[in-house]
Amino acid sequence: MLAVDDLVVSVVTSLGSLDIVRGVSFQIAPGEILGLVGESGSGKSMTSLAVMGLLETPRTRVTSGRIAIDGADITHATPYERVRKGNGDIAMIFQEPMTSLNPVRRIGDQIAEAIKVHDPKADVRARTQELMDLVRLPDSALQHGAYPHELSGGMRQRVMIAIALACRPKVLIADEPTTALDVTVQLQILGLLRDLCDRLDMGILFITHDLGVVSQLADRVAVMYAGQIVETGSVRTIFSAPLHPYTAGLMACVPDPSTGHAPLVTIPGQAPRPDEVPPGCPFSPRCSRADTPCRSGPVPTVRAGDHAALCHFPLNEELVHA
Amino acid sequence: MLGFIVKRTGAALATLVAASVLIFMFIHLIPGEPAAVMLGDAATPEQVAALRTRLGLDEPLIIQYFYWAGNALQGDLGRSIFFDEPVTTVIADGAETSILLASITMIWVVLIGVPVGVIAAMRRGSWLDQGLSGLAMLLASIPTFWVGLYLILVFAAQLGWLPSSGYPSIFDEGGLANLRYLILPSLALATPNAALILRLTRASMLDVSKEDYVRTARAKGISPRQVTVRHILRNALLVVVSAFGFTFAALISEAVVTETVFALPGIGRTVVQSILRRDYPVIQGVILVIVCLYLVLNLLVDISYRFLDPRVELE
Ligand SMILES: Nc1ncnc2c1ncn2[C@@H]1O[C@H](COP(=O)(O)OP(=O)(O)OP(=O)(O)O)[C@@H](O)[C@H]1O
Ligand SMILES: [Mg+2]
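Here the protein sequences come in this chain order: A and B.
Here the working numbering is used: the first sequence runs in plain steps of one and ends on residue 322.
Here the working numbering is used: the second sequence runs in plain steps of one and ends on residue 637.
And the structure:
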C-alpha cells in the first residue's frame, strides 16, 4: 500500500522557493485505482514524480511530508536507490508514448533492461514473453529486433506498460497515459490497465484531467486544485453528490451526451499560478459560494462518510456530518 | 543498406563533378593569359606559346575540361610547372606528412573532446564543468598558429622535450620515433577542434538528458552511470558524429597554416608555395584531392550515422 502524507514539493525559481504541491495526502490500496484529476498546472505531475523519485533535484524537491510503500519510507529516494533497498516496486508510465522510448535501442533490449535491474538472474526471454502476453503485445511487435519508430502509439504505450510491469510493481503511476492516443486505442489501454490492476492486485495512481475517464476507470477520486487535494471520495459518491464547488464545476464542464448538445459550461477565471495563490481557499476568487471566511485563514475539512473536502460552504450540506 | 550507400555515393559523385568544373575554371577566371601568368614576367613569347600547347589551352574550353577530367580519372593530374614533375608525385611527396598529421589530430580531437565533454555534462554546474567549459571557449577562439607558436615556445624552446620543426619520414632513419615531430603540430591543430567537439558533446549530452526516454530509463531503477552510457551518450554522439565532417573541413584549412608554422613537408605547405609560384596545375590537383577526401569522409559519416540511428530511412 502506498501512503503519501502531507507532501510538499517546492521548486527554486528566480522569485525564490515556490511550493507547487502544498500538503497532499492520499493512500492507494492493492487492486485499487485512484484517479487524480485537476486542471493543467495543478501539480498532478509534480506529485507523481515526487512519489516516483524523479524530481529534478536539487531545483525541485520534496521539502516536507512522507512517502511510504508498505511502511518503508521512500521519501527522497530515486528509483535506483529504491531498487537497491528492495523497494523497487513502484513503476510509472507517461503521457507521450512517442518520446518515452529510446529511439536508437531495440524494444526488446529496453524491456530486457528493466527485467534485469530487478532480477539479474531472470530468464529474460521467458519473462519478456510473459510481459508481452500480459500487455497483449503481439509477438510480431518484437520480431526482427524492432525499434520504437516502427510501432504505433498504442503499441508503444503497451511496451511502456510492459517495462513498468517488469519490476512486479505494487503501485503503477500512470500520468495521462492515454491523452496522446486516439479514442479507440485509449479505450483499449484503459481496459488493459483495469484488467492488470485486478489480475496483479496492483494499485494504480491514474492522472488525468478527463473526468469521464475517471468515472469509468477509477475506484476513488482525488481532485487537485492549486497544489492541494480539495476533495476525495469514492467515484460513486463524488459523482452523485460532490461537496466542493470546484468538483461540481469540473463535472459541469463535461458534456453530457444524454442531454444532447448542452451549452459548454466553464468555470470562470483561471487556476492561480504557483506564485500567486490567494490566501484562504485558493478557489475562492472563482467560486460563486465564496464569502468572507473563504478569503483568509485555514479552510476546514468537511466529511460525509469516506468522502472529504476542503470547504467552508460545501454543496450537498445535508450529507455532511460534524 | 546497399541502396542507401548507392544513393549517397551518387550524390557525392554529382558534387565531385560540380567541384571539378569549378576547379577547372579557376585558371581561366584569373585575369590575363593563363600561360603567361604562370610563367611570370621574364618569360619569352616562345616559352608562353610552348606552355599553351603543352596545357592544351588552344582548344575550346569544353574540350579542355573533358581532357583534364579524363586524365584526372586515370590518375594524371598534369605536370607541375615549377618542379617539372607529375602533380601526383608532388602531392604524394607531401601525403605522408599530411595524412599522419590529420590522423593524429583526429585522434586527439576524439580522445580529448568527447570524454571531457561527457565529464563536463555529467558534472554540469560544478566548478569542474565551469572550468572546462570556460577553457574550451578560450581554446576554440585562439587561432591555430598562435597555439602552435606557444607550444613551440614552451615544449621545444624552454623545456626542449620535443622538436619544433620539420618531419623526417617514418620510413627513414629513426622509424616510428619520427612521429614525435608531429606531436606539437597535431596538438596545435587539435586544440580548437577538440574544444569545439567538447562543447558540442557537452551541449548535446545536456539536451538529450532532458528527453522523455531518459526519464523512462531513470524510472527503471538502473544506475546513473548506466543511464548516461546506455541512453544519453549514444543519442548525444549522433550529433557529434555528424559534426566530424565539418571538423575535417576546418582541419584542412588550418593544416595549411600549421604546416607552415612547423615547417612540415606536407600538402598544405605545397599549396602555399604553389600559390606563390603560380604553379596552377599543382593547386588544382591538390584541391581536387581534398574535395575527394572530404566527400569520402562525409559518406563514411553518413553511413555510420545510419548504423547509429535506426530512424534514418533508406530514402
Ligand atoms: N521547473 C519549474 N519551475 C517553475 N515552475 C514549475 C516548474 N515545473 C513545474 N512548474 C509549475 O508547477 C505547476 C504544476 O505543474 P505540474 O506539471 O505538476 O501540473 P499538472 O497538474 O501535471 O498539469 P498538466 O495537466 O498540464 O500536466 C505548474 O504551474 C508549473 O508552472
Ligand atoms: Mg502533468
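All C-beta atoms in this analysis are idealised placements derived from N, C-alpha and C, irrespective of residue type, glycine included.
Taking all protein chains in view, the Cβ of residue 595 of chain B is surrounded by fewer than 16 other Cβ atoms within 10 Å, so the residue is classified as exposed. If you check the C-beta of residue 44 of chain A against ligand 1, you find a heavy atom less than 6 angstroms away. Residue 245 of chain A has a beta carbon lying at 7 angstroms or more from every beta carbon in chain B.
Under a criterion of Cβ atoms nearer than 8 angstroms, the residues of chain B adjacent to residue 88 of chain A are, in order, 543. Any Cβ of chain A closer than 7 angstroms to the Cβ of residue 535 of chain B would place that residue at the interface, and such an atom is present.
For residue 37 of chain A, the enclosing beta strand (DSSP E) starts and ends at 33-37. Per DSSP, the beta-bridge partners of residue 234 of chain A are A/220.
Rounded to the nearest angstrom, the gap between the Cα atoms of residue 623 of chain B and residue 495 of chain B is 37 angstroms. Between the region 117-133 of chain A and the region 191-200 of chain A there are fewer than three inter-stretch CB-CB distances shorter than 8 angstroms, so the stretches are not counted as touching.
For residue 631 of chain B, the neighbours in chain A by C-beta distance under 7 angstroms run, in chain order, 104. Distance from the CA of residue 464 of chain B to the CA of residue 574 of chain B, rounded to the nearest whole angstrom, comes to 17 angstroms. Proximity of residue 446 of chain B to chain A, defined by a Cβ-Cβ separation below 7 angstroms, is not satisfied.
DSSP, read as helix, strand or coil, puts residue 92 of chain A in strand.
Residue-level contact check: residue 557 of chain B touches chain A, since one or more beta carbons of chain A fall below 7 angstroms from its beta carbon.
With a 10 Å radius around the Cβ and a threshold of 16 neighbouring Cβ atoms, residue 542 of chain B comes out buried. The alpha carbon of residue 587 of chain B has as its nearest neighbour, out of B/478, B/421 and B/338, the alpha carbon of B/421.
Shown here, residue 364 of chain B sits in coil according to DSSP, grouped into three states, outside any helix or strand. For ligand 1, no non-hydrogen atom lies closer than 6 angstroms to the CB of residue 173 of chain A.
In this structure, residue 254 of chain A has its CB at a distance of at least 6 angstroms from all heavy atoms of ligand 1.
A Cβ-Cβ distance of about 6 angstroms is found for the pair residue 98 of chain A and residue 153 of chain A, placing them in contact under the 8 angstroms criterion. Inclusion of residue 20 of chain A in the 6 angstroms shell around ligand 1 follows from its C-beta lying nearer than that to a non-hydrogen atom of the ligand.
In the DSSP annotation of this structure, residue 53 of chain A is not part of any beta strand (DSSP E), being labelled neither H nor E.
Within the region 249-318 of chain A, there are no complete alpha helix (DSSP H) runs of at least 4 residues. In the DSSP assignment, residue 65 of chain A falls within the beta strand (DSSP E) that extends over 60-69.
With respect to chain B, the C-beta atom of residue 96 of chain A has a partner C-beta closer than 7 angstroms. By the 16-neighbour rule on beta-carbons within 10 angstroms, residue 176 of chain A is buried. Annotation for residue 100 of chain A indicates a beta carbon at 6 angstroms or more from all heavy atoms of ligand 1. Taking a beta-carbon distance threshold of 7 angstroms, residue 540 of chain B counts as an interface residue toward chain A.
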